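Chains as they are written, first to last, in numbering that gives the first Met the number 0: chain C, 0 to 572; chain D, 0 to 501.
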Amino acid sequence: MTGFDVPPVAFFLLGAALLPWLPAVGRAGVCVLFPLLALVHVSLLTEGAELAVPFLQYELVLLKVDGMARMFGIAFTLVAVVAGIYAWHMRELKQQLAAMLYAGGALGVVFAGDFFTLLVFWELMAVASALLVWAGGTDRAGAAGLRYLLVHLLGGSLLLAGIVMEVYTSGDLSVRAFAEEFSPGSLLILLGVLVNAGMPGLHAWLPDSYPKSTVTGSIFLNAFTTKTAVYVLAVCFPGWEVLFVCGLIMALYAVSYAVLANDIRLILAYHIISQVGYMVAAIGIGGELGLNSAAAHAYNNILYKTLMFMGAGAVLFAVSETRLTHLGGLFRKMPWVVVLYLVGAAAISGLPLFNGFVSKSMVMDAVYGRDLGYSLLALASVGTFLSVGIKLPYYTWFYRETPRELDAVGKPPVNMIVAMGILALICVAYGLWPAWQYAQLPYGVDFTAYRTDLVVKAIHIPLGTFVVFWFFRHKILGEAKIVLDTDWFYRKPASNIGGLILDGVNRFFGACESGLDRLIVQRIVPPFRNPIKALGFKSGQGDHYDPDMDRTSLGSAVGLTLLVMVVALVLSL
Amino acid sequence: MEAWVHLAVAILLPAFFGALVAVIFPARWRNAPWVTAVITSGLAFAASVAGLVYTASRGEVRYYLGGWEPPMGIELVMDPLSAFFCAVVTGMAFFVFIHGKTVVPRETPGKEAAFYSTALLLVGGLLGIVLTGDLFNLYVFLEISSLAGYALVAIGDRRAPFSAFRYLILGTIGASFYLLGVAFIAMETGSFNMGDVARVVPALGDSAPATVGLILIVFGIGLKMALFPMHGWLSDAYTYATSTSTAIIAPIGTKVAAYVLLRGCFYMFDPDFVREGIPLTTIIGYLGAVGIIWGSVLAIAQSDLKRMLAFSSVSQVGYIALGVGLASPLGMIGAVLHTLNHAVMKACLFLVNTNILSRFGHTDIRRFDRTFRIRMPWTMAAFTLAAISMIGLPPTAGFFSKWYLVLGSWENANYVFLGVILVSSLLNVVYFFRVLEKIYLRTDGEPYDEKNEREDAAVEREESPASMLFPTVFLAASLLVLGLANAFIVTYFIRPMIPSGL
């Protein structure tokens, strides 16, 4: 369709503007209808369409359609529609508003043709998503939300600084691929984007905040922030070797945490980073196959990861509990949730017949030939299957009798199941007919997913993992008590080895974390309560600033003025 | 052409005229002083906007008071720079006066006439500072505005006289330094007229008395501007003054001092000289940078909203000083644009503070809660928008001044300034979102549930009256407009004022 080249973000902004004036049911409708309109609109956009408005001496390109942008745009609008259905029962205006703005910001970034527009929507995303974290409502969510916002605005500031440098040196505001020459501007942009991608070292906000959001909030959170970062990386930094290394680190680092985590939403949060690692690595490879596979994997990941988060959300909704050690035996209460979640789990593990298989095989194919990288990614996929394919569902829904404190189990509402069903269907459909996916990719493809070697690889890794898991299944669950049984002869050594590896790692990172907490609580926060005291000036010496005790004296105010003036005079004459 | 010359004096007269008229009404006409203040400031605002548009298209206007030509007489000069500042001053005064309709009678009953008369004197004095082309006349207006300012602060609560006294001591010291500086310059150049001084100074070469004079002027005015470390008077004065006094002094008082700084450094003296001959702008810039951080850090430490906003002013004035310190066209654009943006933001925030105070009887952030948003939705929305602008998120006005300052810092390869600006927005996040979180999100440690929903439904809306709500919301909305129209403002109003040597 031509002649209707409005940026898709307009639908979301319009929807958000309508929300406050509507009754509760109408609001839920808007949250489905407007993303749906946007989805139709995005799928009808032709490549090459552009909408530019003049600004200063530059042009702001609010809409620029190419294959990559369209692919991400479709995934984002699709997931926004489904998330709208999933959140149908939720009546809280501020969450709906934040979700609409957040999704709109993500689409704005994807279709932005210049860095200025990109930055505007980037910051919109940061603020709107922080609102979703805060919507969790607890004190912990409040604190995590502020940390989340600070990190993202820091990322935004880095991005701003980088953009200013790039614009200043090249005079070109358009979003474009940078040559891998490490100019300060492009490096700052890269750093700012990696903050959002969850690069280890810059990732702490993600596992910190996502598990603390609301049931529906985390659905939106998981889909947008990291994937827009992937998009920007794919557009601006294709083939940067450093990204390949980053991707490997992300995939492995996060998966090892996911294996250790106990909270189901925390496990899934770590998996976001790990999965983004695959995409970042593929972008680091670059070339058409690399970018294609990154885009395909991002697309599929958005679908199945959202599906899995929805499953976790349904559990939280029903029993208000997300710790594996406190869950179990919930299968009978929510069989559909389990089945649909398992579709997502099969997809993320790359089992044939599911969409994850197609894109994961593409990524592995792109990486093929880099032996170390290839085997590390394969190792990461073992961890993936272990933690979300087996561990999470097993301990949540099977494993033992329902713990007594979970007896009063609610049922997840129908709209949640419907939303999960839609996503599961799409996941299977793309798995069965990969040609649909190939047709969407930004570059032409010459790839067949259902090659014997790929299928065999895709099956034997999960199979082996499952066998190992079955032997160790009583060990892997964090602090669960174990009754001594006849199988002690293999459990005993296993517990020692497990203790050596798991406990050691746990203790190390635990120490790091509590050390960091101590540092923040004891060293960084108090000086801000009373900066006068912290700098050692004579004051009331209270822990909190007291306007009466900590007032600057008249003498020192005059003295400082004189001092500054004398210094200025001495320097000038 | 001839008639337009009178624009300069048309901006100045209504305020002084209003100050005289406001006190003559009989006491039973309770609203008469307020009406006078609104009408006269509105007239001055209209004249300023006309002047702004006129100077932007046709250049500067000179008006000889009493027909006496300089250097004997006093001239008023309305060029793009002074017209811009006049518009900011009168615009803020206009909206804050409207807002004062019910606030002033409640907070200072029986003193309405005196209050508005003094406030109009303050506005008139500030306009005089901006418009005059004569250094000594500037001192006179400086004293008029300062004395009016001390009175406005002293009119507040029990502790106000004490803070007014501190303000008076420091302000007088600042004014004395200024006068001393003027004496040095007049001694060296033989004229009080700024235009004459600008012509003579380059011929003097490296003149020590002129340099000393400029430095005295800069730091004397720096005290008025609350440039770090000369901000000691500010927090108490702003906190203990009445709501409307603070709302009128805070957005425009320090800005006019910043105007004198710009005028002295870049128009009276050769920009090259203050940039490279003596490291004056560098010193100003670094003081501004330290002030940005220190003001924000102290703002974080506060538990009272009004005092927090006061310290935030110290920080924001630092941005303007930082722009001056860059001594480049981009820095100048950033500084001037931030003057406008910050005036609107701070006026809006102090009006919000007043609305909260008059509804809830306190401004203690620790006691803010979720009901605020239901009881005063528009006021809280205005606060949110202004806070977002203070942090500098696009597309609000605050983002764009930051953008130009970042651009200028990068151009000068000044990474310290760059880092300071970026860190400062994070500090702003801490102290503003701390408030926003309490208003919008905190549910006492429990997830938001039906019980909360019922509680919320039981809370009644108690928004401020229209006279208070309109200016608050209008200023907040204009932050969006200013942000979107920033390219227009910069191109038509700010670029023409950049002096040739910069």
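Cβ coordinates follow ideal geometry from the N, Cα and C atoms, glycine included. This one's a predicted model, so the numbers in the text were calculated from it and none came from an experiment.
Spatial neighbours of residue i in its chain, beta-carbon cut-off 8 Å, leaving aside the 5 residues before and after
i         : result
Gln436(C) : Ala295, Tyr298, Asn299, Asn354, Val357, Ser358, Tyr429
Arg26(C)  : Leu18, Arg90, Leu92, Gln95
Met164(C) : Ser182, Pro183, Gly184, Leu187
Leu125(D) : Val88, Phe140, Ser144, Ile251, Gly252, Val255
Val458(D) : Thr370, Ile373, Arg374
Ser212(C) : Leu131, Val132, Ala134, Gly135, Ala140, Leu220
Asp271(D) : Gly500
6 Å CB neighbourhood of residue i in its chain, flanking five on each side removed
i         : result
Ile500(C) : Interpretation of Ile500(C) is limited by its pLDDT of 47, a score under 50 that renders its predicted location unreliable; the figure taken from the coordinates is listed afterwards. Result list for Ile500(C): empty, nothing under 6 Å.
Val119(C) : none
Tyr544(C) : Asn529
Ala228(C) : Val192, Asn195, Ala196
Trp487(C) : Any answer about Trp487(C) is weak, because its pLDDT of 36 lies below 50 and its placement is not dependable; what the coordinates show is given next. Taken in chain order, the list of residues that qualify is empty.
Cβ-based neighbour list, residue i, same chain, cut-off 7 Å, excluding 5 preceding and 5 following
i         : result
Ile425(C) : Leu302
Ser217(C) : Tyr209, Arg264, Phe308, Gly312
Trp87(C)  : Ala27, Asn414
Ile496(C) : Reliability fails at Ile496(C), whose pLDDT of 46 lies under 50, so the model's placement of it is uncertain and the value that follows must be treated cautiously. Nothing listed; no residue qualifies.
Cβ-Cβ distance between residue i and residue j below 7 Å
i         : j         : result
Thr131(D) : Thr241(D) : no
Ile214(D) : Leu153(C) : no
Tyr153(D) : Ala159(D) : In the sequence as presented, Tyr is not what sits at residue 153(D); that position holds Ala. It is a contact, given that the beta carbons lie within the stated cut-off.
Val336(C) : Ala313(C) : yes
Ala207(D) : Leu572(C) : yes
Ala575(C) : Val78(C)  : Lying before the first or after the last residue shown, residue 575(C) is absent from chain C, which here runs from 0 to 572.
Thr471(D) : Leu356(D) : no
Ser311(D) : Ala298(D) : yes
Gly287(D) : Gly324(D) : yes
Val434(D) : Ile364(D) : yes
Tyr433(C) : Met333(C) : As written in the sequence, residue 433(C) is Pro, which differs from the Tyr given in the question. No. Outside cutoff.
Selected residue, minimal CA-CA separation from residue i, among the options
i         : options                                    : result
Leu508(D) : His230(D), Leu121(D), Leu474(D), Ala465(D) : Because chain D spans 0 through 501 in this model, residue 508(D) falls outside it and cannot be assessed.
Pro464(D) : Gly17(D), His98(D), Glu59(D)               : His98(D)
Gly58(D)  : Phe492(D), Leu501(D), Ala112(D)            : Phe492(D)
Tyr149(D) : Ala249(D), Met186(D), Leu404(D)            : Ala249(D)
Leu534(C) : Ser499(D), Ser423(D), Val296(D), Arg306(D) : Val296(D)
Val103(D) : Asn30(D), Lys345(D), Arg494(D)             : Asn30(D)
Pro6(C)   : Tyr57(C), Asn291(C), Ala111(C)             : Ala111(C)
Leu406(D) : Tyr394(C), Thr168(C), Gly104(C)            : Thr168(C)
Glu122(C) : Gly294(D), Pro498(D), Pro393(D)            : Pro393(D)
Asp133(D) : Gly360(D), Tyr62(D), His337(D)             : Tyr62(D)
Thr116(C) : Val80(C), Gly72(C), Ile162(C), Ala142(C)   : Ile162(C)
Asp262(C) : Leu290(C), Asp207(C), Leu158(C)            : Asp207(C)
Leu251(C) : Ala233(C), Lys226(C), Met278(C), Leu232(C) : Met278(C)
Tyr101(C) : Leu12(C), His40(C), Asp171(C), Ala293(C)   : Leu12(C)
Listed by chain order, chain D residues near residue i by CB distance under 7 Å
i         : result
Glu122(C) : Leu392, Pro393
Leu559(C) : Pro228, Met229
Partners in chain D for residue i, counting only beta-carbon separations shorter than 9 Å
i         : result
Pro546(C) : Ser234, Asp235, Thr238, Gln301, Asp303, Arg306
Arg550(C) : Arg165, Gly231, Ser234, Asp235
Met564(C) : Phe176, Ile214, Leu215, Val217, Phe218, Gly219, Gly221
Leu145(C) : Val428, Val429, Phe432, Arg433, Glu436
Neighbouring residues, chain C, relative to residue i (Cβ below 9 Å)
i         : result
Ile277(D) : Ala567, Leu570, Ser571, Leu572
Leu151(D) : None at all; the shortest Cβ gap to chain C is about 20 Å.
Tyr439(D) : Lys93, Leu130, Trp133
Partner residues on chain D for residue i, Cβ-Cβ distance less than 8 Å
i         : result
Val387(C) : Under the 8 Å cutoff, chain D gives no residues; its nearest Cβ is about 25 Å from Val387(C).
Val231(C) : Here the premise fails: no neighbours, minimum Cβ distance about 17 Å.
Cross-chain neighbours of residue i in chain C, by beta carbon under 7 Å
i         : result
Ser424(D) : Leu152, Ser156
Val296(D) : Phe527, Pro530
Proximal residues of chain C, C-beta to C-beta of residue i below 8 Å
i         : result
Glu410(D) : Tyr167
Going along the chain, which residues of the stretch 373-397 of chain D sit with their C-beta nearer than 8 Å to a C-beta in chain C?
Ile387, Ile390, Leu392, Pro393, Pro394
For the stretch 165-176 of chain C, list every residue whose C-beta sits within 7 Å of some C-beta in chain D, in sequence order.
Tyr167
Any C-beta of chain C within less than 7 Å: which residues of the stretch 158-177 of chain D qualify?
Shown in chain order are the members of the stretch 158-177 of chain D whose Cβ falls below 7 Å from a Cβ of chain C: Arg165, Ile168, Leu169, Ile172.
Near-chain D residues of the stretch 99-124 of chain C - C-beta to any C-beta below 7 Å
Leu118, Val119, Glu122
Could you list the residues in the stretch 438-457 of chain C with a C-beta less than 7 Å from some C-beta on chain D, going in chain order?
none
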